[in-house]
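These notes concern the structure reproduced below.
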Amino acid sequence: MGIDDKANRTVIHHIGAAKEGAGNVTGNQDLKREGQYEQAQAKLQDAGDRVKDAAADLGENIKDAARKLKEGFSKE
5 MGIDDKANRT VIHHIGAAKE GAGNVTGNQD LKREGQYEQA QAKLQDAGDR VKDAAADLGE
65 NIKDAARKLK EGFSKE
């Protein structure tokens, strides 16, 4: 996840919030839904990035554990 991607999603989220608010004020349900959709999309992409980061961390932890286990057997 790049900083630019996260910043872009933050902007999209805030634009979505503004659209939702404008839709509420004007009674424009389409604009309100569009804003809600944009906010949800940004949140979902952030969640996906967190899952990818967690999977990468888990992979590194497994590699470290396997290396330590191998080193332990090598000493005996």
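Position in the sequence shown (from 1) plus 4 gives the number in my numbering.
Each residue gets a CB set at the ideal place from its N, CA and C atoms; glycine is no exception.
Query, Result
"Beta carbon of G25 nearer than 8 Å to that of Q40", "no"
"Contacting residues, own chain, Cβ-Cβ under 6 Å from Q49 (five flanking each side not counted)", "R13"
"Cut-off 6 Å between Cβ atoms - residues of its own chain near K23, not counting five sequence neighbours on either side", "L35, E38, G39"
"I16 to I7 span [Cα, whole Å]", "14 Å"
"For N28, the first and last residue of its enclosing alpha helix (DSSP H)", "7-30"
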